[in-house]
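Below is one structure; the comments refer to it alone.
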Amino acid sequence: MAPSKGVIRKKSILVADDHLLLLDTLKFAIEAGDYEVTTCQRGADVLTAVSQESCGFDLILLDVHMPDMTGMCSIIEIVEKAAPIPVVLLTGGVSDQFAHQALNRGVRGYIPKSTNLGNLCDILKVVLSGGVYAPANVLAAKPLGESLWGLSPREQSIGELLALGLTNKVIAFELGLSEPTVKMHIRSIFRKLGAANRTQVAAAFQENDLVVSGASRETIDRSARSITSSSPTEPKGRIQ
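Residue 1198 in my numbering sits at position 201 of the sequence shown, with consecutive numbering throughout.
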């Protein structure tokens, strides 16, 4: 049934988190603020939802530690595919540095899981009104990775996957690039970091908290399966 004339449509929020207990708690709290809430448990589900023409979400609340998320690359992909829908990160395990870089790349909010649940709807209201939200310590953080290294967004994405232990072939598959292009970017990363090998690059990214932990095993296994079942001349660009 169509809504009655004059009825104001509730704002619609997509909440993505792989922990069911937290997901249900977030859904209950946000619905109490008079929002409609849809939930999912994978980054791939978010990409599917925002790719549909009928997508009617007003905001996406995204946990960066879901098993199929691979750090900043996945965040950037979701932000780009979802635009102009604002994306807000919800996490309890990334550094101020990582959060600051996410904000610089189009994320509209960063909510630590230590945030009082009673403040959640007020934060969402700020973002839905066109604002950006992050705790004061995040806003004050200096973007060390960019100021020290000068990496391009593509080099940043490749460096993150390299730090997860992925081979050039898998990195190329994940990002939809050719292996020669990946090798070219890795040489540039080595030069900018003053690194002699992949181990040193991985250590630099990990020491500066530029990689979200916990995703590497699933990413490697998923990519290996996909490469085995696909033609080597047809790389897939979408990170799922």
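Think of the CB as a built atom: it goes at the ideal place given N, C-alpha and C, for glycine as much as any other residue.
Can you say whether residue i is buried or exposed, counting buried as having 16 or more other CB atoms within 10 angstroms of its CB?
i: residue 1040; result: buried
i: residue 1050; result: exposed
i: residue 1066; result: buried
i: residue 1181; result: exposed
i: residue 1048; result: exposed
i: residue 1077; result: exposed
i: residue 1018; result: exposed
On a CA-only basis, which of the options is nearest residue i? Give me that one, please.
i: residue 1052; options: 1081, 1074 and 1062; result: 1081
i: residue 1188; options: 1174, 1156 and 1177; result: 1156
i: residue 1204; options: 1135, 1154, 1095 and 1184; result: 1095
i: residue 1064; options: 1105, 1110, 1037 and 1092; result: 1037
i: residue 1163; options: 1146, 1149 and 1183; result: 1183
i: residue 1085; options: 1070, 1117 and 1046; result: 1117
i: residue 1185; options: 1151, 1088 and 1126; result: 1151
i: residue 1149; options: 1055, 1009, 1070 and 1169; result: 1070
i: residue 1124; options: 1106, 1133 and 1135; result: 1106
i: residue 1088; options: 1108, 1166 and 1196; result: 1108
i: residue 1111; options: 1132, 1021, 1172 and 1165; result: 1132
i: residue 1154; options: 1007, 1119 and 1099; result: 1099
i: residue 1135; options: 1195, 1159 and 1104; result: 1104
i: residue 1128; options: 1083, 1021 and 1159; result: 1083
i: residue 1007; options: 1171, 1161 and 1122; result: 1122
i: residue 1161; options: 1130, 1196, 1021 and 1055; result: 1196
If I measure Cβ to Cβ from residue i and keep anything under 6 Å in the same chain, skipping five residues before and after, which residues do I get?
i: residue 1143; result: At residue 1143 the pLDDT is 48, less than 50, meaning the model places this residue with poor confidence; the figure from the coordinates comes in the next sentence. So the list is empty, once near-sequence residues are dropped.
i: residue 1192; result: 1198
i: residue 1023; result: 1012
i: residue 1114; result: 1026
i: residue 1201; result: 1190
Taking 8 Å as the limit between beta carbons, can you name the residues of its chain near residue i, skipping five residues before and five after?
i: residue 1043; result: 1011, 1013, 1037, 1057, 1059, 1075 and 1079
i: residue 1240; result: Residue 1240 lies beyond the residue range present for the chain, which begins at 998 and ends at 1237; the question has no answer from this structure.
i: residue 1165; result: 1176, 1179, 1180 and 1183
For residue i, which residues of its own chain have a beta-carbon under 7 Å away from its beta-carbon, when the five flanking residues on both sides are left out?
i: residue 1028; result: 1034
i: residue 1016; result: none
i: residue 984; result: With the chain represented from 998 up to 1237, any question about residue 984 goes unanswered, as that position is not in the structure.
i: residue 1120; result: 1106, 1108 and 1130
Three-state secondary structure (DSSP) at residue i?
i: residue 1175; result: coil
i: residue 1005; result: coil
i: residue 1020; result: helix
i: residue 1201; result: helix
i: residue 1192; result: coil
Contained alpha helix (DSSP H) runs [length at least 4] in the region 1022-1060, N- to C-terminal order: 1040-1048
Minimum length 4: unbroken alpha helix (DSSP H) runs contained in the region 1090-1159: 1093-1101, 1117-1125, 1133-1136 and 1141-1146
Every unbroken beta strand (DSSP E) within the region 1062-1092, with a cutoff of 3 residues, ordered by chain: 1084-1088
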